[in-house]
Amino acid sequence: MTTTARVFQNYIGGKWQDAESGKNFANHNPATGEIIGYFPLSGEAEANAAVAAATAAFEKWRLVPAPKRGEILFRVGELLKQHKEDLARTMTQEMGKVLKETRGDVQEGIDMAYYMAGEGRRLFGYSVPVELSNKSGVATRDPVGVVACITPWNFPMAIPTWKMFPALVAGNTIVFKPASDTPLSALRLVEIMYEAGLPEGVVNIVFGPGGTVGEALLHNPDVAVISFTGSTESGRHVAIEAAKSLKRVSLEMGGKNAVIVMDDADLNLAVEGILWSAYGTTGQRCTACSRVIVHSAVRKQLVDLLLPRIEQLRLGNGLDESVDVGPVINASQLSKIHSYTEIGKNEGANLVTGGHVDKEGELAHGHFYRPTLFTNVKPDMRIAQEEIFGPVLSMIEVSSFEEAIAVNNNSKFGLSSAIYTQDINRVQRAMRDITTGILYVNSGTTGAEIQFPFGGTRGTGNGHREAGIAGLDVFTEWKVVYTDYSGKLQKAQIDQ
Ligand code: NAP
């Protein structure tokens with residue numbers, strides 16, 4: 011363990027600042043246990059100071075022409091590109107996923123920067139004909155005000171950019187409360203935004219626990235929007251608390267995503283999609299495949315193909331390019347994952363591989379869990395219903411397409427699904443009948459692109475979407491302006 015790790019600060023109103031208490035918390039590398047840095051253990055005072063700074067900055071930022079705001083985001087994209095490797099390495103050290111995935115995480119940020127830079131020259135409203143002569147009507151998007159962005163640790167770069175870039179191009183200012191497990195990636199992102207020319211106070215970052223910093227943001231009357239990504243449990247709490255002051259709340263929450271493998275599927279292709287979706291990011295993606303719903307005619311073949319591939323997955327430090335699966339984020343997540351293995355065994359599911367913590371050799375100081383497969387899982391078992399958020403896959407056997415769709419939809423979550431089939435009719439019916447926000451055909455459950463709306467149904471979301479043009483909705487207020495140039499009072503619906 012190193013004791014020389016750097017001490018970092020909050021950035022509020024253009025000033026680097028410690029927490030008022032002077033206290034810090036440590037950030038650990040989940041692969042090695044090393045301390046990466048110390049961050050301010052902030053609370054209500056720092057959260058409120060950040061809201062005050064963002065409120066003051068809003069009056070100027072909202073008046074900066076949107077194309078100029080977009081140009082700053084374009085420069086952010088250029089800088090993210092320039093620092094991609096360094097940012098990816100920082101992220102792998104902080105949260106464990108392998109380098110090729112953290113590079114992808116930065117790439118999502120780059121993509122979003124360029125996309126929202128372009129929105130600076132669009133931000134389309136509309137003008138439509140009006141009922142009366144010598145009168146016009148136009149609908150425009152206004153910024154809402156101060157946005158609190160509360161983010162998880164599993165996509166430390168992509169998720170904050172999905173919130174902050176559309177919020178900024180629309181003219182809002184921000185208080186950013188990143189996950190306590192990934193503060194350094196968040197800080198690097200904010201540094202880059204200021205290097206790109208963002209005016210002081212427009213983005214403020216406050217480190218510290220959700221229970222204090224996050225809570226203060228939920229209750230501060232000057233916060234207009236809460237954009238939250240995290241667990242369904244926390245999201246429900248956020249919605250309830252923020253409703254008390256009628257804040258606008260956008261929630262992106264948990265998932266229990268399924269890959270359906272039909273009897274006519276290309277099984278080799280399905281195996282690739284399942285491996286990538288179930289064990290990539292160590293199963294800690296909101297879109298991770300945690301259920302495989304397989305037709306009984308191909309179940310044995312699928313297991314025979316999948317099992318050796320799961321057992322070959324190499325665990326280790328994500329900085330090593332030969333590693334397939336990194337650690338899970340922390341000790342409490344490791345024990346939660348293992349508790350689900352015990353639950354699955356007690357429920358009568360068949361543990362085929364994995365199901366244990368791995369502390370062998372160089373894994374000794376990290377939080378590693380062997381990629382796990384259960385077969386003989388019934389749709390209502392807890393391991394088939396609850397989000398485990400780790401490398402644990404449950405296989406459920408069905409005997410028809412209709413049963414596969416019903417099992418897929420039987421979930422309190424609704425983020426993404428996938429179907430492997432060669433039958434165009436089944437594809438069309440799946441497109442109609444699957445009730446998740448995202449559906450992949452002949453691909454795994456993960457791989458969203460930033461130009462499309464992202465989000466889910468039921469316990470995954472509250473009706474909003476991130477990314478694409480839909481991503482602007484939560485950060486803008488529609489304003490309609492009617493101009494009457496007739497020189498007399500014309501009454502809508504009354505004068506014809
Ligand atoms: P989490 O524990 O809910 O935390 C998410 C964020 O909320 C963190 O910044 C956390 O702060 C903060 N927070 C916790 N309690 C709070 C409170 N009372 N008030 C305000 N903020 C509070 O989730 P996580 O473990 O970081 O992330 C994993 C979850 O995120 C999974 O359920 C996953 O499915 C979901 N997720 C969803 C999506 C999606 O787009 N649908 C994407 C990625 C992840 P601390 O870190 O300080 O606790």
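Numbered according to our numbering, the sequence shown spans residues 11 to 506.
All C-beta atoms, glycine included, are put in the ideal place defined by N, C-alpha and C.
No experiment lies behind these values; they were computed from the predicted model shown.
Ranked by how close their Cα comes to the Cα of ASP334, the residues ASN356, GLY364, THR291 have THR291 in first place. For the pair ALA59 and VAL156, the CB atoms are not nearer than the 8 Å cut-off. LEU277 and TYR430 have their alpha carbons spaced roughly 8 Å apart. Judged by pairs of C-beta atoms under 8 Å, the segment 352–359 touches the segment 381–390, as three or more such pairs exist. Proximity to PHE18 across ALA41, THR42, ILE46, ILE339 peaks at ILE46, based on C-alpha coordinates. At a threshold of 7 Å, GLY264 counts as near the ligand NAP, since its beta carbon sits closer than that to one of the ligand's heavy atoms.
About 5 Å separates the beta carbon of LEU228 from that of ALA252, a gap short enough to meet the 8 Å contact definition. Closest in alpha carbon position to PHE399, among ILE504, GLY293, LEU323, is GLY293.
Of all alpha-carbon atoms in SER244, PHE84, THR486, the one lying nearest the alpha-carbon of VAL154 is that of THR486. Contact holds between the segment 170–190 and the segment 198–217, because three or more Cβ pairs, one in each stretch, are under 8 Å apart. Judged by pairs of C-beta atoms under 8 Å, the segment 96–111 does not touch the segment 137–156, as fewer than three such pairs exist. LYS145 has its Cβ no nearer than 7 Å to any heavy atom of the ligand NAP.
For ALA440, same chain residues with a beta-carbon under 6 Å away, outside a window of 5 residues either side, are ILE429 in chain order. PRO170 counts as buried, since no fewer than 16 other beta carbons sit within 10 angstroms of its beta carbon. Excluding five sequence positions before and after GLU407, the CB atoms of its chain that fall closer than 7 Å to its own CB belong to VAL304, SER306, ARG309, given in chain order. Apart from sequence neighbours up to five positions away, the residues of its chain that approach ALA298 with a beta-carbon distance below 8 Å are GLY265, ASN267, SER287, ALA288, GLY290, THR291, PHE399, THR455, THR456, ordered along the chain. In this model, TRP488 and TYR379 are separated by some 48 Å (Cα to Cα). The beta carbon of GLY119 lies closer than 6 Å to those of LEU90, MET167, ALA168, THR171 in the same chain, with the five residues before and after it left out. In the structure shown, VAL108 falls within a coil segment according to DSSP collapsed to helix, strand and coil.
When the five nearest sequence neighbours on each side are left out, the beta carbons in the same chain lying within less than 7 Å of the beta carbon of TYR124 are those of PHE84, GLY87, in order along the chain. Between GLY326 and LEU373, the gap from beta carbon to beta carbon is short of 8 Å. Counting every other CB atom within 10 Å of its CB across the protein chains shown gives THR14 a total below 16, marking it as exposed.
The nearest non-hydrogen atom of the ligand NAP is 7 Å or more from the C-beta of VAL185.
Remark: the shortest separation between the CB of ASN164 and any heavy atom of the ligand NAP falls under 7 Å.
Secondary structure of LEU228 (DSSP, three-state): helix. One thing to note: ASN39 has its Cβ no nearer than 8 Å to the Cβ of PHE49. Taking the Cα of LEU425 as reference, the smallest distance to any Cα among GLN438, LEU403, GLY465, ILE393 is reached at GLY465. Straight-line measurement puts the Cα of CYS296 at about 33 Å from the Cα of ARG72. Counting along the chain, the unbroken beta strand (DSSP E) around ASP152 starts and ends at 145–153.
Cβ neighbours of TRP163 within its own chain (closer than 7 Å, five residues either side excluded): MET105, ALA189, ASP191, THR192, ILE339.
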